[in-house]
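Heads up: the sequence shown at position 153 corresponds to 161 in the working numbering, and the numbers run straight through without jumps.
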Amino acid sequence: MDYGTYNYQIFATDDSGNLNSTEQRIITAGAIYPIFSNYSDNNASLTGSGIGLFNVTVLNTNGTVWLRINNTNYTASNLTSNIYNVSVNLTSGIYNYTWYSYGNGSTNLLNNSETKYYTVNATSVTPTTETIAESPKSSSGGGGGNYILEQNTKTEELRIRTWISPNKTVTTKIKEDKRTGIKEIELKSKNWLSGAILIVAYNETPDFCSIEYGDEHKVYKVLDFNNTIKSNSIDSGRLKIGIQKNWIYGNNISEIKFVRCYPQYEEMKSSYESETDSEGIYNVYISGFSAYAILGTLAINKNKSTSEEKKWSAESKNYNLDKIFLWILIGVVIIVLILLLVKHRIYLKEKIHSKFFDFEFKFRIGK
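The structure is reproduced here in structure tokens:
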């Protein structure tokens, strides 16, 4: 069917030849609207003034894409087949922006994205995140770079927005962990990685976290990661997490485990790194975001096993001592019997010698 507007009506005849029809309807072919996704910017990274960077992926576009910032339009550059970019000099303030594009159908239908917000001089306080490493380095062109964009300081949730160009590894130090215990987040990107990460800490297991653990484990926290980052844009990741020593020692914890709650239970690879005066520091290796439970293995079970081993060892030791005592007793009895036998032989020998002497004496007297 060619592009255009069409009228249609359906007719039908029954077995008796009666004719009936639906009402007339109108259909438009080629109603193709542009689709916007993968928004990214360097919001809240500028102080005073600077270049605002805006990226978006647009599907079904005829190639005409522009960004409207506070009612001013800026033509977008086509970075790749579907990714468009705008770079704008901005001064201190709060801006709203919306992407626009025409569709690639015959009627070139116009569509726009949702409205988003951008702030220059977002906060005058010390930044709560810091990019401490990135490898390899980003290019300085308009294609973007590695940025940790924002952390919300007004709630007890850890909220981070990030934009990382393809095939980069960025380690971000968290200066205010919002009781999540997270010290660093390291992400390695496969494709353009952008979006928001919202991390909420639960001190008790929430209903949505289904994990398999018994009485031998105790839950420290459940960290729930909600994010708008596409899973196929993350190659791998690492979380550095601090766990309070007073919880570890107070509950007699012998081992720390990190398990994923959904989509299925999975124990994550982790390693102990170091400790501070108040925390033990661990690294957890992830392939994406989910909800993760931090579990401690109670040392009481280990002690129970050790107690049983000690009991068994003591019983074994007692058994061995009993055997040694028995053999000593047998040895003593044998020695006593030998002594009695020797004494008896001496006695017989002396008796025989005495009788012989008495006989010889009498013989000599009689002679």
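Cβ atoms here follow ideal geometry from the backbone N, Cα and C, with glycine treated the same way.
#1: Under the three-state reduction of DSSP, which class applies to F297: helix, strand or coil?
#2: State buried or exposed for F216, treating a residue as buried only when at least 16 other CB atoms are found within 10 Å of its CB.
#3: In the DSSP output, which residue or residues are listed as bridge partners for E274?
#4: Assign S278 to buried or exposed, taking buried as 16 or more other Cβ atoms, counted over all protein chains shown, within 10 Å of its Cβ.
#5: Within 10 Å of its beta-carbon, does I140 have 16 or more other beta-carbons around it, so buried, or fewer, so exposed?
#6: In its own chain, which residues sit with a C-beta less than 8 Å from the C-beta of S298, not counting the 5 before and 5 after it?
#7: If I205 sits next to I237, beta carbons under 8 Å apart, how far is it from one beta carbon to the other, in whole angstroms?
#8: Helix, strand or coil for N235 per DSSP?
#9: Do S197 and S241 have their C-beta atoms within less than 7 Å of each other?
#10: Can you find the residues in the same chain that come closer than 6 Å, C-beta to C-beta, to T65, ignoring five residues on each side of it along the sequence?
#11: Since W107 is in the beta strand (DSSP E), which residue starts that stretch and which ends it?
#12: State the DSSP-derived secondary structure class of W255, mapped to helix, strand or coil.
#13: Between T177, L303, G250, which has its C-alpha nearest D285's C-alpha?
#14: Residue range of the beta strand (DSSP E) that W200 falls in?
#15: Nearest CA to the CA of L201: which residue from T170, S218, K226?
#16: In this structure, how does DSSP classify V133 when only helix, strand and coil are distinguished?
#17: Return helix, strand or coil for T127, following the three-state DSSP convention.
#18: Buried or exposed, going by whether 16 or more other CB atoms sit within 10 Å of the CB of P214?
#19: My guess is that I18 and S29 are in contact by the Cβ rule of under 8 Å, so how many angstroms apart are they, rounded?
#20: Taking Cβ positions, are N260 and A307 nearer each other than 7 Å?
#21: So G111 and H225 are supposed to be a Cβ contact under 8 Å. How far apart are they, rounded?
#22: Here's a check: name, in chain order, each residue in its chain whose Cβ is nearer than 7 Å to the Cβ of N120, leaving out the five neighbours to either side.
#23: Given a threshold of 16 other Cβ atoms within 10 Å of its Cβ, counted over all protein chains shown, does T21 qualify as buried or as exposed?
#24: Near T314, what residues of its chain come up, given a Cβ to Cβ distance below 8 Å and the 5 sequence neighbours on each side ignored?
#25: Provide the residue span of the beta strand (DSSP E) that contains A52, from first to last.
#26: Would a C-beta distance cut-off of 7 Å place N63 and Y103 closer than the cut-off?
#27: CB N219 to CB Y273, shorter than 7 Å?
#28: Any beta-carbon of chain D closer than 7 Å to the one on I256?
#29: Can you grab the Cα-Cα spacing for the pair E263 / Q252, in whole Å?
#30: Out of curiosity, what's the CA-to-CA distance linking E31 and E122?
#31: So which of K265, I256, F266, S295 has the shortest CA-CA distance to E287?
Let me spell this out:
#1: Stepping through the sequence shown from its first residue, residue 297 is reached at position 289. If DSSP states are grouped into helix, strand and coil, F297 belongs with coil.
#2: For the purposes of this step, residue 216 is taken as the residue at position 208 of the sequence shown. Its Cβ having fewer than 16 others within 10 Å, F216 is exposed.
#3: Numbered from its first residue, the sequence shown carries residue 274 at position 266. Looking at the DSSP assignment, E274 forms a beta bridge with R268.
#4: Here residue 278 corresponds to residue number 270 of the sequence shown, with the count starting at 1. Buried, by the Cβ-count rule.
#5: For the purposes of this step, residue 140 is taken as residue 132 along the sequence shown, with counting starting at 1. In this prediction, I140 scores a pLDDT of 47, lower than 50, which makes its location untrustworthy; the coordinate-derived value is nonetheless stated afterwards. I140 comes out exposed.
#6: Counting from one through the sequence shown, the residue named residue 298 turns up at place 290. Here the set comprises F233, R268, C269, Y270, P271.
#7: As a first step, residue 205 must be located in the sequence shown, where it is residue number 197. As a first step, residue 237 must be located in the sequence shown, where it is residue number 229. Right, their Cβ atoms sit about 7 Å apart.
#8: The sequence position of residue 235 within the sequence shown is 227, counting from 1. Three-state DSSP puts N235 in a strand.
#9: On the sequence shown, residue 197 is found 189 positions in, with the first residue counted as 1. On the sequence shown, residue 241 is found 233 positions in, with the first residue counted as 1. Against a cut-off of 7 Å, the Cβ pair of S241 and S197 comes out as a contact.
#10: Residue mapping note: residue 65 aligns to position 57 of the sequence shown, counting from 1. For T65, where only same-chain residues beyond five positions count, the Cβ hits under 6 Å are S45, N46, N90, I91.
#11: Within the sequence shown, residue 107 is the residue found at index 99, counting from 1. Segment 101 to 111, the beta strand (DSSP E) holding W107.
#12: Residue mapping note: residue 255 aligns to position 247 of the sequence shown, counting from 1. In this structure, W255 counts as helix in the three-state DSSP scheme.
#13: Indexing the sequence shown from 1 puts residue 285 at position 277. When each option's Cα is compared against that of D285, the closest is G250.
#14: As a working mapping, residue 200 is identified with position 192 in the sequence shown. No beta strand (DSSP E) contains W200, which DSSP labels as neither H nor E.
#15: As a first step, residue 201 is located in the sequence shown; it is residue number 193 there, counting from the start. Minimum Cα distance to L201 is reached at T170.
#16: Here residue 133 corresponds to residue number 125 of the sequence shown, with the count starting at 1. At V133 the pLDDT is 36, less than 50, meaning the model places this residue with poor confidence; the figure from the coordinates comes in the next sentence. Here V133 sits in coil by DSSP.
#17: The count along the sequence shown starts at 1 and reaches residue 127 at position 119. Here T127 sits in strand by DSSP.
#18: Your numbering for residue 214 matches position 206 in the sequence shown. Classification for P214: exposed.
#19: Along the sequence shown, one-based indexing puts residue 18 at 10. Along the sequence shown, one-based indexing puts residue 29 at 21. With a Cβ gap of about 6 Å, I18 and S29 count as contacting.
#20: Numbered from its first residue, the sequence shown carries residue 260 at position 252. Numbered from its first residue, the sequence shown carries residue 307 at position 299. Yes, the Cβ-Cβ distance between N260 and A307 is below 7 Å.
#21: The sequence position of residue 111 within the sequence shown is 103, counting from 1. The sequence position of residue 225 within the sequence shown is 217, counting from 1. That belief does not hold up - the Cβ atoms of G111 and H225 are roughly 55 Å apart, past 8 Å.
#22: As a first step, residue 120 must be located in the sequence shown, where it is residue number 112. Counting only Cβ-Cβ distances below 7 Å, and skipping sequence neighbours, we find T106, W107, Y108.
#23: Counting from one through the sequence shown, the residue named residue 21 turns up at place 13. Looking at its Cβ environment, which holds fewer than 16 other Cβ atoms inside 10 Å, T21 is exposed.
#24: If you number the sequence shown from 1, residue 314 lands on position 306. For T314, the predicted structure reports a pLDDT of 49, less than 50, and the residue's modelled location is therefore unreliable. A value from the coordinates is still provided. Nothing listed; no residue qualifies.
#25: To locate residue 52, count along the sequence shown from 1; it is residue 44. Per DSSP, A52 belongs to no beta strand (DSSP E) and is neither H nor E.
#26: As a first step, residue 63 must be located in the sequence shown, where it is residue number 55. As a first step, residue 103 must be located in the sequence shown, where it is residue number 95. No, these two residues do not count as a Cβ contact at 7 Å.
#27: Working through the sequence shown from its first residue, we reach residue 219 at position 211. Working through the sequence shown from its first residue, we reach residue 273 at position 265. It is Ile, not Asn, that sits at residue 219 in the sequence shown. Cβ distance < 7 Å, so I219 and Y273 count as in contact.
#28: Note that chain D does not occur in the displayed structure, where there is just one protein chain.
#29: Translated into positions along the sequence shown, residue 263 becomes position 255. Translated into positions along the sequence shown, residue 252 becomes position 244. C-alpha separation (whole angstroms): 13 Å.
#30: Numbered from its first residue, the sequence shown carries residue 31 at position 23. Numbered from its first residue, the sequence shown carries residue 122 at position 114. Computed Cα separation, rounded: 37 Å.
#31: On the sequence shown, residue 287 is found 279 positions in, with the first residue counted as 1. When only C-alpha atoms are compared, the closest one is I256.
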